[in-house]
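If you're matching them up, the sequences are chains A and B in order. Take the first sequence: its position 60, counted from the start at 1, is 61 in this note's numbering, and no numbers get skipped. Take the second sequence: its position 138, counted from the start at 1, is 303 in this note's numbering, and no numbers get skipped. Here the structure comes first, spelled out in structure tokens, and everything after it is commentary.
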Amino acid sequence: MAAVAAQDDYAFAVLYDRYVDLVFSAAVRVLADSQLAEDTTQDVFVRIWRRPEAFVAERGRFLSWLMSVTRNRAVDELRARGRRRKREGSSLGPPDDANAMPLFPGESDDPLHAAQLHEDQVRVRRALVDLPQDQRRALEMAYFGGLTQQEIAIELHEPLGTVKTRIRLGMQKLRKALTSRDGL
Amino acid sequence: MESRHLTQEQADEFALGALEPDIERLVALHVAECVSCRDEVEAAERLASSLALGVPRHTPPAHLKRRVLFAAGIVRPGPLGRMLRFAPAAAAVAAIFVAIAAFTGMVSVRSQVGDLRGANHDLKAQVDEALAQKVQIAAISLRLNQEEQKSYDLRQQASGDRDLLLALLSPDSYVAEVFGVDAASAAVGRLVWDEDQKRVWFVASDLPARPTGQTYQIWVDAGGRYVSLGTFNSDSAGFARYDTIVPEGLTSYTSAVVTVERAGGAPERSGPSVFVGDFSRFQR
């Protein structure tokens, strides 16, 4: 990222190759539209190239920051187009896939990085699989669907307090599962 | 919100984007000023972002990379791209080198032009000197030609004198005295006839030079018919010497006469007589 900040176009191309699958997949997950996901992916990477200082290394890992940027940009697009879908959040994949093939096979030019990314993905999927369905669904509807707790409650025909509880418990369990080894 | 810090639950809801817009705006304002809450929110955002790592994989189209790079203003990443990126700078540096080279070349050319001008000036001086020498040579040549002509004339004269001397010494030659027709004239002349050389000399002194358009013409009487031996004129000193070959077939002659004729000579004797001579009085 330091090289990208120095406007090294080759480093930027490498960064793109490493993370484009994640960014594009997250955008598709939010927007459920490949074309819109392409636009969002392009926007995310161009913003990184033009404003690399937006990432502050002291505040966390680049991957977490990149995913936050992607999600926020995709949700903004979703809201702007009024295409907020009443999705319960499509499945993140069957729970038994957690130990199966990696979600993002290591195609990077850096094997160590690819291995670490794969490990992160497996841990996240395991953590999500371990979540109760209703908690995971609430988290996904908020994070990927761009819905507020009130909107989720309406969608699920559940009391607001129930939704708040599910989100709180889900985040607590997720935090416990993912920060037990290292912080994301 | 300003009076107390965010709870972790609130930070999680904010990180997930699950708060109502009004509340979300208030939280954002607080987080912007509260370091501890900002740390809490950032931690929650990192946790929330992990959800994105678990999404199913979707492979982006291959053209997306070109789109992204193009949108980022990158023509072609890598060494070639760097070359292209630095091409303008390299071109500028090259232009500077070219300019320096051009300037150096211009100075060199100017120096060469100066040298050439100097060489040209020297060459011109040499040409001028050569022309002057050529003029001098021409003058000398002219003078030489004149001297040669004089020499030739003197040689001719000497040759004529020698021939005349030989004729005077020859036993086959005759000398006849001619007399001026005008008694007041002081002119005297002699006619030398050399049978052996078949030549005739006429020598006179104190003979006035004929003006332009007139000439002296000498005739011999051959059986009642005057045959011209040629024309001559005297010099400014009144001296005249004329010699000629005796015409073929002229074997009999009794007298000679010198007349004044128009320039170029007359076919028939017509002008006034200046000298007359009697060949019967030839002296050997």
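Note that CB positions come from ideal geometry on N, CA and C, so glycine has one too.
query = Applying the criterion that 16 or more other CB atoms from any shown protein chain within 10 Å of the CB defines a buried residue, is Met102 of chain A buried or exposed?
reply = Indexing the first sequence from 1 puts residue 102 of chain A at position 101. For Met102 of chain A, the predicted structure reports a pLDDT of 42, less than 50, and the residue's modelled location is therefore unreliable. A value from the coordinates is still provided. So Met102 of chain A counts as exposed.
Neighbour list for Gly219 of chain B in chain D, Cβ cutoff strictly below 7 angstroms = In summary, chain D is missing from the structure at hand, where the protein chains are A and B.
task = Use the C-beta contact count for Val57 of chain A: other C-beta atoms within 10 angstroms, 16 or more gives buried, fewer gives exposed.
result = Locating residue 57 of chain A in the first sequence gives position 56, where the first residue counts as 1. Exposed.
query = Using a Cβ-Cβ distance under 7 angstroms, would Met2 of chain A count as near chain B?
reply = Residue mapping note: residue 2 of chain A aligns to position 1 of the first sequence, counting from 1. Cβ-Cβ to chain B under 7 angstroms: no for Met2 of chain A.
inquiry  = In whole angstroms, give me the CA-to-CA distance for Pro412 of chain B and Gly436 of chain B.
reply    = Stepping through the second sequence from its first residue, residue 412 of chain B is reached at position 247. Stepping through the second sequence from its first residue, residue 436 of chain B is reached at position 271. Their Cα atoms are separated by approximately 22 angstroms.
ask   = Residue range of the alpha helix (DSSP H) that Glu198 of chain B falls in?
value = For the purposes of this step, residue 198 of chain B is identified with residue 33 of the second sequence, where counting begins at 1. Its alpha helix (DSSP H) spans residues Pro186 to Glu198.
Other residues of its chain near Leu136 of chain A: CB distance less than 8 angstroms, five sequence neighbours each side excluded = To locate residue 136 of chain A, count along the first sequence from 1; it is residue 135. One point to set straight first is that residue 136 of chain A is Gln, not Leu, in the sequence displayed. If we look at Gln136 of chain A and ignore the five residues flanking it on each side, its Cβ neighbours are Arg167, Ile168, Leu170, Gly171 and Lys174.
ask   = Of all the CB atoms in chain A, is at least one closer than 7 angstroms to the CB of Ser215 of chain B?
value = Taking the second sequence and counting its residues from 1, the one referred to as residue 215 of chain B is at position 50. Chain A contact via Cβ: present.
query = Applying a beta-carbon distance threshold of less than 7 angstroms, which residues of chain B neighbour Gly1 of chain A?
reply = In the structure displayed, chain A extends from 2 to 185; residue 1 of chain A sits before or after that span and is not available.
Nonlocal neighbours in the same chain, by C-beta distance under 7 angstroms from Asp371 of chain B, ignoring five residues either side = Position 206 of the second sequence holds residue 371 of chain B. Hits under 7 angstroms: Ala351, Ala352, Val353 and Gly403.
task = Could you give the DSSP three-state label for Gly451 of chain B: helix, strand or coil?
result = Outside the displayed range of chain B (166 to 449) lies residue 451 of chain B, so it cannot be described from this structure.
ask   = Between the stretch 67-79 of chain A and the stretch 24-33 of chain A, do three or more beta carbon pairs fall short of 8 angstroms?
value = yes
query = Would you say Asp185 of chain B reaches chain A, if we count a Cβ-Cβ gap shorter than 7 angstroms as a contact?
reply = Along the second sequence, read from residue 1 onward, the residue named residue 185 of chain B stands at position 20. In the sequence as displayed, the identity of residue 185 of chain B is Glu instead of Asp. Yes, contact with chain A.
query = If you draw a straight line from the C-alpha of Tyr339 of chain B to the C-alpha of Asp386 of chain B, how long is it?
reply = Counted from its first residue, the second sequence places residue 339 of chain B at position 174. Counted from its first residue, the second sequence places residue 386 of chain B at position 221. Distance between the alpha carbons of Tyr339 of chain B and Asp386 of chain B: 16 angstroms.
ask   = So, do the stretch 200-211 of chain B and the stretch 175-183 of chain B have three or more beta carbon pairs nearer to each other than 8 angstroms?
value = yes
message = Quick check on Arg375 of chain B: buried or exposed, where buried means 16 or more other Cβ atoms within 10 Å of its Cβ?
response = Along the second sequence, one-based indexing puts residue 375 of chain B at 210. It is buried - the Cβ of Arg375 of chain B has at least 16 other Cβ atoms within 10 Å.
request  = Could you tell me whether any Cβ in chain A is nearer than 7 angstroms to the Cβ of Ile265 of chain B?
outcome  = Here residue 265 of chain B refers to the residue found at position 100 of the second sequence. No, its Cβ sits nowhere closer than 7 angstroms to a Cβ of chain A.
task = Determine whether the Cβ of Gln134 of chain A lies closer than 7 angstroms to any Cβ atom of chain B.
result = Taking the first residue of the first sequence as position 1, residue 134 of chain A is located at position 133. Not closer than 7 angstroms to any Cβ of chain B, the Cβ of Gln134 of chain A fails to qualify, so no.
query = Tyr17 of chain A versus chain B: which residues are under 7 angstroms apart at the beta carbon?
reply = In the first sequence, counting from the first residue as 1, residue 17 of chain A sits at position 16. What Tyr17 of chain A touches in chain B: Lys230 and Val233.
ask   = Of all the options B:Pro221, B:Ala421 and B:Ala260, which has the alpha carbon lying nearest to the alpha carbon of Glu342 of chain B?
value = Position 177 of the second sequence, counting from 1, holds the residue named residue 342 of chain B. Of the candidates B:Pro221, B:Ala421 and B:Ala260, the one whose C-alpha sits nearest the C-alpha of Glu342 of chain B is B:Ala421.
message = Measuring only the C-alpha atoms, how far is Arg52 of chain A from Val45 of chain A?
response = In the first sequence, the residue the question calls residue 52 of chain A occupies position 51. In the first sequence, the residue the question calls residue 45 of chain A occupies position 44. Using only the alpha carbons, I get a separation of about 10 angstroms.
Where Tyr418 of chain B sits in the DSSP three-state scheme = Residue 418 of chain B sits at position 253 when you count from the first residue of the second sequence. Note: Tyr418 of chain B maps to coil in three-state DSSP.
query = According to a CB-to-CB cut-off of less than 8 angstroms, which residues of the stretch 28-41 of chain A neighbour chain B?
reply = Val29, Arg30, Ser35, Ala38 and Glu39
inquiry  = Quick check on DSSP: helix, strand or coil for Leu356 of chain B?
reply    = On the second sequence, residue 356 of chain B is found 191 positions in, with the first residue counted as 1. In the structure shown, Leu356 of chain B sits in a strand (DSSP, three-state: E or B).
inquiry  = Quick check on Glu413 of chain B: does DSSP put it in helix, strand or coil?
reply    = Here residue 413 of chain B is taken as the residue at index 248 of the second sequence, counted from 1. Looking at Glu413 of chain B - three-state DSSP - the assignment turns out to be coil, as it is neither helix nor strand.
task = Going by CA-CA distance only, name the one from A:Asp131, A:Gln122, A:Asp77 and A:Ile155 that's closest to Ser215 of chain B.
result = Counting from 1 along the second sequence, the entry for residue 215 of chain B is found at position 50. Of A:Asp131, A:Gln122, A:Asp77 and A:Ile155, the residue nearest in Cα terms is A:Gln122.
inquiry  = Which residues of the stretch 166-180 of chain A have a Cβ closer than 7 angstroms to any Cβ of chain B? Give them in chain order.
reply    = Ile168, Arg169, Met172, Leu175, Arg176 and Leu179
task = Give the secondary structure of Gly107 of chain A by DSSP, where H, G and I count as helix, E and B as strand, and everything else as coil.
result = If you number the first sequence from 1, residue 107 of chain A lands on position 106. With a pLDDT of 48 at Gly107 of chain A, under the threshold of 50, the modelled position of this residue cannot be trusted; read the value that follows with caution. It is coil, neither helix nor strand.
message = Measuring only the C-alpha atoms, how far is Glu189 of chain B from Ala259 of chain B?
response = Residue 189 of chain B sits at position 24 when you count from the first residue of the second sequence. Residue 259 of chain B sits at position 94 when you count from the first residue of the second sequence. Rounded to whole angstroms, Glu189 of chain B to Ala259 of chain B spans 57 angstroms at the Cα level.
query = Can you tell me whether DSSP reads Val425 of chain B as helix, strand or coil?
reply = For the purposes of this step, residue 425 of chain B is taken as residue 260 along the second sequence, with counting starting at 1. Here Val425 of chain B sits in strand by DSSP.
ask   = Under the rule that 16 or more other beta-carbon atoms within 10 Å means buried, what is Thr416 of chain B, buried or exposed?
value = Taking the first residue of the second sequence as position 1, residue 416 of chain B is located at position 251. Exposed, because fewer than 16 other Cβ atoms sit within 10 Å of the Cβ of Thr416 of chain B.
message = When you compare the CB of Glu174 of chain B with every CB in chain A, is at least one pair closer than 7 angstroms?
response = As a first step, residue 174 of chain B is located in the second sequence; it is residue number 9 there, counting from the start. Yes, contact with chain A.
Whole-angstrom distance between Val47 of chain A and Ala12 of chain A, CA atom to CA atom = Residue 12 of chain A sits at position 11 when you count from the first residue of the first sequence. Residue 47 of chain A sits at position 46 when you count from the first residue of the first sequence. Near 13 angstroms, if we compare the C-alpha coordinates of Val47 of chain A and Ala12 of chain A.
query = Taking Cβ positions, are Phe145 of chain A and Pro225 of chain B nearer each other than 7 angstroms?
reply = On the first sequence, position 144 is the one that residue 145 of chain A refers to. On the second sequence, position 60 is the one that residue 225 of chain B refers to. No.
query = Taking a cut of 8 angstroms between CB atoms, which residues from the stretch 135-161 of chain A lie near chain B?
reply = Leu140, Glu141, Ala143, Tyr144, Phe145, Gly147, Leu148, Thr149, Gln150, Gln151 and Ile153
ask   = Alpha carbon to alpha carbon, how far is Gly107 of chain A from Arg62 of chain A?
value = The residue you call residue 107 of chain A lines up with position 106 of the first sequence. The residue you call residue 62 of chain A lines up with position 61 of the first sequence. Residue placement at Gly107 of chain A is flagged as unreliable, the pLDDT there being 48, under the threshold of 50; the coordinate-derived value follows with that caveat. When rounded, the distance between both Cα atoms is 19 angstroms.
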